[in-house]
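> Numbering follows this note's numbering, in which position 20 of the sequence shown is assigned residue number 276; successive positions increment by one, without gaps.
Built from N, CA and C at the ideal position, the CB exists for glycine as well.
My structure is below; once you've seen it, I'll send some questions.
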Amino acid sequence: MNAIDLSGQSAVVTGGCSGVGRAIVERLVRSGAEVAVWDVNDAALSELATDKHLRTALTVQRVDVRDFASVEGAAGRLSRVDILVNCAGITGATAAVWDYPEEEWQRVIDVNLHGVFRCCRAVLPSMRQAGYGRIINVASVVGKDPNPFEAAYGASKAGVIAFTKALGRELAETGIVVNCVTPALIDTPLARGLPEDFLAYCLRKIPMNRMGRASEVAAMVAWMASAECSFSTGAVFDLSGGRASY
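Rendered as structure tokens:
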């Protein structure tokens, strides 16, 4: 495996305590980055802070991406941010639109889409001043190929894709690149907890006939976070085992 060198880089990973976020944190640390993990899970943050393989390169901060004051305060406590990985997200309820609770719809959009906006807004002043930055938004293939009964999740991730494209163009001449990755179903405890029939439905849509691995997402994100990703911005990197058709 080719090594990606992120030595001297300061990264923020939201939702970095478990699943795909945790894999991204571990990969960035192995690549030499200093990583701040923003999450709302106090127990998981404490566990992460004591991980002997990570703790020397890790800062943990309790941050709620639904609250701009929380996000802005955390960003202000960091000397700089070179890399932002927006990975915090929730799937929300599985229900038909006519039965979908309005408060649940708002919660999914607030975490998955508004949270990405808030984190970008908080770190961009320092990135713009430095003339360098890498922003990676973790969207989903369902932002391009929605699943039924997951309208809120699909809409939120489609919004992340559109936001990425717009922000990439806004920053195109600044030295800051903004891209997103669109994984299909990834093998995490959350995915394993899905109803069996829905899990089977998702797998049938993947030509490779398997779930992706969190380490595969992390490997792509590590490259996207590096200086080698220099001529792509506003781009969508597919990681769906062949499911995506565009």
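So, using beta-carbon positions, are Y356 and A407 closer together than 9 Å?
As a working mapping, residue 356 is identified with position 100 in the sequence shown. As a working mapping, residue 407 is identified with position 151 in the sequence shown. In this structure, A407 lies closer than 9 Å to Y356 by Cβ.
> For S412 and V397, I'd like the C-alpha separation in whole angstroms.
The residue given as residue 412 occupies position 156 in the sequence shown. The residue given as residue 397 occupies position 141 in the sequence shown. Spanning the two alpha carbons is a distance of roughly 12 Å.
> Tell me which residues share the same chain as P451 and place their Cβ nearer than 8 Å to its Cβ, disregarding the 5 neighbours each side in the sequence.
Locating residue 451 in the sequence shown gives position 195, where the first residue counts as 1. If we look at P451 and ignore the five residues flanking it on each side, its Cβ neighbours are T350.
> First and last residue of the alpha helix (DSSP H) that includes T420?
Residue numbering aside, residue 420 sits at position 164 when the sequence shown is read from its first letter. Here the alpha helix (DSSP H) through T420 covers 407-426.
> Give a yes or no on whether the C-beta atoms belonging to V291 and G272 are separated by under 9 Å.
On the sequence shown, residue 291 is found 35 positions in, with the first residue counted as 1. On the sequence shown, residue 272 is found 16 positions in, with the first residue counted as 1. Contact: yes.
> Contact defined as beta carbons within less than 8 Å: I believe M476 pairs with L495. What is the distance between those atoms, to the nearest angstrom?
Here residue 476 is taken as the residue at index 220 of the sequence shown, counted from 1. Here residue 495 is taken as the residue at index 239 of the sequence shown, counted from 1. Their Cβ separation, rounded to whole angstroms, is 6 Å, which keeps M476 and L495 in contact under 8 Å.
> Could you tell me whether the segment 384-396 touches the segment 297-314, where touching means 3 or more Cβ pairs closer than 8 Å?
The segment 384-396 is not in contact with the segment 297-314.
> With a CB to CB cut of under 7 Å and the five nearest residues on each side skipped, what residues in its chain are close to S326?
Within the sequence shown, residue 326 is the residue found at index 70, counting from 1. Once the five neighbours on either side are set aside, the close Cβ partners of S326 are V319, D320.
> How is G468 classed by DSSP in three states: helix, strand or coil?
Position 212 of the sequence shown, counted from the start, is the residue given in the question as residue 468. DSSP places G468 in strand when its eight states are reduced to three.
> Cβ atoms of V437 and V379: under 9 Å apart, would you say?
What you label residue 379 is simply residue 123 of the sequence shown in a count that begins at 1. What you label residue 437 is simply residue 181 of the sequence shown in a count that begins at 1. The answer is no: Cβ separation not under 9 Å.
> Can you give the beta carbon distance from A478 to S287, rounded, assuming they're within the 8 Å contact cut?
Taking the sequence shown and counting its residues from 1, the one referred to as residue 478 is at position 222. Taking the sequence shown and counting its residues from 1, the one referred to as residue 287 is at position 31. Their Cβ separation, rounded to whole angstroms, is 5 Å, which keeps A478 and S287 in contact under 8 Å.
> On the premise that V434 lies in contact with T489, defined as a C-beta separation below 8 Å, what is that separation, rounded to the nearest angstrom?
Locating residue 489 in the sequence shown gives position 233, counting from the first residue. Locating residue 434 in the sequence shown gives position 178, counting from the first residue. Confirmed, Cβ separation roughly 6 Å.
> Since G410 and A440 are thought to touch, with beta carbons under 8 Å apart, how far apart are those beta carbons, to the nearest angstrom?
The sequence position of residue 410 within the sequence shown is 154, counting from 1. The sequence position of residue 440 within the sequence shown is 184, counting from 1. Between A440 and G410 the Cβ distance is about 13 Å, and since that is not below 8 Å, they are no contact.
> Quick one: give me the first and last residue of the alpha helix (DSSP H) that A279 is part of.
As a working note, residue 279 is residue 23 in the sequence shown. Run containing A279: 275-286, per the alpha helix (DSSP H) assignment.
> Measure the alpha-carbon distance for V367 versus D261 and round it to whole angstroms.
If you number the sequence shown from 1, residue 367 lands on position 111. If you number the sequence shown from 1, residue 261 lands on position 5. Distance between the alpha carbons of V367 and D261: 31 Å.
> From A259, E484, I462, pick the residue whose C-alpha is nearest to that of G498; which is it?
Position 242 of the sequence shown, counting from 1, holds the residue named residue 498. With distances taken between Cα atoms, G498 lies closest to I462.
> For a minimum of 4 consecutive residues, which ranges assigned as the alpha helix (DSSP H) are wholly contained in the segment 287-356?
Listed in chain order, the complete alpha helix (DSSP H) runs (minimum 4 residues) inside the segment 287-356 are 298-305, 324-332.
> Taking its Cβ as the centre, do 16 or more other Cβ atoms sit within 10 Å of R374, making it buried, or is it exposed?
By one-based count along the sequence shown, residue 374 stands at place 118. Buried, since its Cβ has 16 or more Cβ neighbours within 10 Å.
> When we look at the beta-carbon of R354 and count the other beta-carbons within 10 Å, is it buried (16 or more) or exposed?
As a first step, residue 354 is located in the sequence shown; it is residue number 98 there, counting from the start. A quick correction: the sequence has Trp, not Arg, at residue 354. Exposed is the call here.
> Is the beta carbon of I339 less than 9 Å from the beta carbon of I391?
Numbered from 1 along the sequence shown, position 83 holds the residue referred to as residue 339. Numbered from 1 along the sequence shown, position 135 holds the residue referred to as residue 391. Going by C-beta atoms, I339 is nearer than 9 Å to I391.
> Helix, strand or coil for F373 per DSSP?
Indexing the sequence shown from 1 puts residue 373 at position 117. F373 falls in the helix class under three-state DSSP.
> Using three-state DSSP, classify A478 as helix, strand or coil.
Position 222 of the sequence shown, counted from the start, is the residue given in the question as residue 478. A478: helix per DSSP, three-state reduction.
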